[in-house]
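Asker: This structure is in C-alpha cells; I'll ask about it shortly.
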C-alpha cells in the first residue's frame, strides 16, 4: 500500500487532499441545499398554479365537498353535529390527526389556500345545509397572505362576521378561532403577517364577546418570542404538525362543549 508518510512532501499532499475533500463536501452540501430550495419553490409554484386554475373554473371550489355533502345523512335525533369551516389548517387537521375526528359528529370542511370570501360563498352548502349544532370557523390567514389579492383586515373580519350572522339565522351556534401565529409565508416572501394577524384576532375576539359567541385562542398557546408559530409546533412556519394540533384540540373541544350547553 502507498504510504504518504514515506513520500517526500507527503504531509503537504495530505493537507491538500483533505482540503479538496472538505471543499467538495461543502459544494455537495450547497448543491443539496439548492436542490431542496428548488423543490420547495417548485412545490409552491405548482400549488399557486393549481389555485389560479381553480379560481377561474370554480372560484369557491363548490365541487370540493359536493359529493361528500350529498352522501352525508341528516343528523340523527339528538346528534350534536359540529362543522369545522376553514382553510388548509383545518383540512390538514383531519389528515394529520384523524383520530381527533373519529367517533364524533365532527365534519371537516377545510379547503387549502382559501380566503374568507371563498368560504362565505360556500358557507350555505358546506355548513348550513349540513344542519350542525355548532360551526367552528378558522379563517383569515390566506387573506393576509393575499392568496386572492390584497384585502383590508376590516373586510376580512366582515366576511367572518357574515358567516356568523348566516349561522345565527339558521340556528347554528358559532365558535370563532383566532388566526394562529405566523412570521412569514413560504409562498409569499417578504410579507410580514404579524401585525395584521394581531389586528384581526382582536377584532374577532371583540365581536365574539359582544355577540356571545365562542372564541378559541390558539394564538396565545402557540406563539413564540418573535410572534412566530413555535418551530416545534409546525411544519413550515404556518401549518401545524401533530404537536401543534395536539395543542389546538383541547382548546377547540372546550369551546365546543360550551356552545353545546
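In the UniProt record's numbering, the protein residues as written are 1 to 261.
Positions of the beta carbon are idealized from the N, C-alpha and C atoms, including for glycine.
Computed from a predicted structure; not experimentally measured.
1) DSSP state of residue 213, grouped into three classes?
2) So, with DSSP's three-state summary, where would you put residue 117?
3) Hey, residue 136 and residue 82 are a contact pair by Cβ (cut 8 angstroms); roughly how many whole angstroms apart?
4) Check whether the region 57-76 and the region 207-226 touch, using three or more Cβ-Cβ pairs below 8 angstroms as the test.
5) Run the CB neighbour count on residue 5, radius 10 Å, all protein chains shown included, and call it buried at 16 or more, exposed below.
6) Measure the C-alpha to C-alpha separation of residue 185 and residue 238 and round it to an integer number of angstroms.
7) For residue 170 and residue 80, what's the separation of their Cα atoms in angstroms?
8) Flag this pair as touching only if the region 215-224 and the region 191-207 have three or more C-beta atom pairs under 8 angstroms; answer yes or no.
9) Hey, which unbroken runs of the beta strand (DSSP E) at 3 residues or more fall wholly within the region 136-175?
10) On the CB-based measure, 16 or more other CB atoms within 10 Å of its CB, does residue 152 come out buried or exposed?
11) Which same chain residues, not among the five before or five after residue 72, have their C-beta less than 8 angstroms away from its C-beta?
12) Starting from residue 85, follow the beta strand (DSSP E) in both directions and report where the run begins and ends.
13) Given residue 115, which residues of its chain have a CB within under 6 angstroms of its CB, disregarding the five upstream and five downstream residues?
14) From what residue to what residue does the alpha helix (DSSP H) around residue 103 run?
15) In or out: residue 8 buried (at least 16 other Cβ within 10 Å) or exposed?
16) Throw me the rounded Cβ distance for the residue 138 and residue 90 pair, which I believe falls under 8 angstroms.
17) Could you tell me the alpha carbon to alpha carbon distance between residue 105 and residue 35, rounded to whole angstroms?
18) Going along the chain, which residues of its own chain have a beta-carbon closer than 8 angstroms to the beta-carbon of residue 145, five neighbours each way excluded?
19) Counting only the same chain and skipping the five closest in sequence on each side, list residues whose C-beta sits under 6 angstroms from that of residue 122.
20) According to DSSP, which residues form a beta bridge with residue 223?
21) Does DSSP put residue 239 in a helix, in a strand, or in coil?
22) Can you tell me whether DSSP reads residue 244 as helix, strand or coil?
23) In the structure shown, what three-state DSSP assignment does residue 252 receive?
Answerer: So, from the data block:
1) coil
2) helix
3) 6 angstroms
4) no
5) Residue placement at residue 5 is flagged as unreliable, the pLDDT there being 48, under the threshold of 50; the coordinate-derived value follows with that caveat. It counts as exposed.
6) 7 angstroms
7) 15 angstroms
8) yes
9) none
10) exposed
11) 107 and 130
12) 82-86
13) 142, 143, 147 and 148
14) Careful: residue 103 lies outside any alpha helix (DSSP H) and carries neither H nor E.
15) Low local confidence applies: a pLDDT of 49 at residue 8 is under 50, so the model's placement there is unreliable, with the coordinate-based value given in what follows. Its Cβ having fewer than 16 others within 10 Å, residue 8 is exposed.
16) 5 angstroms
17) 44 angstroms
18) 185, 187, 188, 191 and 193
19) 60 and 62
20) 229
21) coil
22) helix
23) helix
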